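**Student:**
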Amino acid sequence: MTTHPVTVERLRGLAWPVMLAGGLLLVLFAQVQWGSTDEGVEPSITGLGRVTILGASDDDVAFFFEDNTGRPGLSVVVLGAVIAVVAALGWWRPRLRPSAIGLIGLASVIVLVVGLRTLSDPAAHLFSDRVSEALDADLPDMQAGYGLIGTVVVAILLLVVVGFWALSTAWPRAGAADRVEINRTDESS
Numbered sequence: 043m044t045t046h047p048v049t050v051e052r053l054r055g056l057a058w059p060v061m062l063a064g065g066l067l068l069v070l071f072a073q074v075q076w077g078s079t080d081e082g083v084e085p086s087i088t089g090l091g092r093v094t095i096l097g098a099s100d101d102d103v104a105f106f107f108e109d110n111t112g113r114p115g116l117s118v119v120v121l122g123a124v125i126a127v128v129a130a131l132g133w134w135r136p137r138l139r140p141s142a143i144g145l146i147g148l149a150s151v152i153v154l155v156v157g158l159r160t161l162s163d164p165a166a167h168l169f170s171d172r173v174s175e176a177l178d179a180d181l182p183d184m185q186a187g188y189g190l191i192g193t194v195v196v197a198i199l200l201l202v203v204v205g206f207w208a209l210s211t212a213w214p215r216a217g218a219a220d221r222v223e224i225n226r227t228d229e230s231s
C-alpha cells in the first residue's frame, strides 16, 4: 500500500518533466495561430506576427504586414525556452530546485499576463496602429486562435504545478512532526 508522503514524492518527481514539456509547448504555441477573422480578406496571424491570407502570395502579405504586426509571442518563445531549460536543470540537479521553482513561477506569471492581455483584444495586440490607418477603418474583430488559448492554458497549468511543488515541500515535514508528537505522547503514557 502506498502512503501519502510516497505519493506526494512521486508527483513531485513528475513535476520537472511536466514543467519541461510545458516550456516546450509554450515555444510551440507561440508559433501557431493566435488570431483570425472572417472579415475582409480573412487574415490569420501567429504569435510571432506572421500573417497568412487565403489566396494571397506570401510575398504580398509580407510586403504589407512585415513591420505592421505586434509580436507578443516573441516573449512567450523566450520565456518558454527559459522554463524548459530551468526545468531540465531542476530535474537534473536537486539543489537547484528551489530557485528553479521560483524562476519557473515568475516566467509562467509573465506568460499568463501576456496571453490574457492578448486574449482580451487579439486584433489590437497582434496588429499595429498603422494597419488600421492603412485600412482607413477600425481593426477587424478577431477570434482567439488555438495557439493563444493553448498558451494561456499551459501557463495556468504550469502555475498549478509550481504551486503544488512549493506546497508539497511542507507536507512531509508536517507529517513527520505529527508522528514525533504521537511518539512522545505514547512514551509518556
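Numbering (this note's numbering), first residue to last: 43 to 231.
C-beta: ideal position from N, C-alpha, C; glycine also.
Predicted model only: the values in this text are computed from it and were never measured.
(1) What does DSSP give as the partner residue(s) for Thr88 in the beta ladder?
(2) Leaving aside the five residues before and after Val124 along the sequence, list all residues of the same chain whose C-beta is less than 8 Å from its C-beta, in chain order.
(3) Just checking my contact of Thr111 with Ile87 at CB under 8 Å: how many whole Å lie between their CB atoms?
(4) Determine the contact status of Gly147 and Ala197, defining contact as a CB-CB distance below 7 Å.
(5) Looking at the strands, I want to know which residues DSSP matches up with Thr94.
(6) Spatial neighbours of Val194 within its chain, please: C-beta separation below 8 Å, excluding the five flanking residues on both sides.
(7) Helix, strand or coil: which one does DSSP assign to Thr49?
(8) For a quick check, are the C-beta atoms of Trp207 and Ala104 less than 7 Å apart?
(9) Would you decide whether Gly192 is buried or exposed? Buried here means 16 or more other CB atoms lie within 10 Å of its CB.
(10) On the DSSP bridge assignment, give the partners of Thr111 in chain order.
(11) Going by C-alpha distance, which of Gly82, Gly77, Val83 and Glu81 is nearest Arg92?
(12) Please name the residue in Arg135, Asp183, Val151 and Ser117 whose C-alpha comes closest to that of Asp163.
(13) Near Leu138, which residues of its chain fall below 7 Å by C-beta distance, leaving aside the five closest residues on each side in sequence?
(14) Is Ala130 helix, strand or coil when you go by DSSP?
(15) DSSP has Ala186 in a bridge; who is on the other side?
**Tutor:** In brief:
(1) On the sequence shown, position 46 is the one that residue 88 refers to. Note: Thr88 sits in a beta bridge opposite Gln75.
(2) Position 82 of the sequence shown, counting from 1, holds the residue named residue 124. Contacts found: Gly65, Leu145 and Ala149.
(3) Position 69 of the sequence shown, counted from the first residue, corresponds to residue 111. Position 45 of the sequence shown, counted from the first residue, corresponds to residue 87. Rounded, the Cβ-Cβ distance is 6 Å, consistent with contact.
(4) Position 105 of the sequence shown, counted from the first residue, corresponds to residue 147. Position 155 of the sequence shown, counted from the first residue, corresponds to residue 197. Not closer than 7 Å, so no.
(5) Stepping through the sequence shown from its first residue, residue 94 is reached at position 52. Looking at the DSSP assignment, Thr94 forms a beta bridge with Ser86.
(6) Taking the sequence shown and counting its residues from 1, the one referred to as residue 194 is at position 152. Within the same chain, Val194 has close Cβ partners Leu154, Gly157, Leu158 and Leu161.
(7) If you number the sequence shown from 1, residue 49 lands on position 7. If DSSP states are grouped into helix, strand and coil, Thr49 belongs with the helices.
(8) In the sequence shown, counting from the first residue as 1, residue 207 sits at position 165. In the sequence shown, counting from the first residue as 1, residue 104 sits at position 62. The answer is no: Cβ separation not under 7 Å.
(9) Residue numbering aside, residue 192 sits at position 150 when the sequence shown is read from its first letter. Buried, because 16 or more other Cβ atoms sit within 10 Å of the Cβ of Gly192.
(10) In the sequence shown, counting from the first residue as 1, residue 111 sits at position 69. Phe169, per the DSSP bridge assignment.
(11) By 1-based counting over the sequence shown, the position of residue 92 is 50. Considering only alpha carbons, the answer is Gly77.
(12) Here residue 163 refers to the residue found at position 121 of the sequence shown. Closest option to Asp163, Cα to Cα, is Asp183.
(13) Against the sequence shown, residue 138 aligns to sequence position 96. Here the set comprises Leu131 and Gly132.
(14) Here residue 130 is taken as the residue at index 88 of the sequence shown, counted from 1. Helix.
(15) Along the sequence shown, one-based indexing puts residue 186 at 144. According to DSSP, Ala186 bridges with Gly77.
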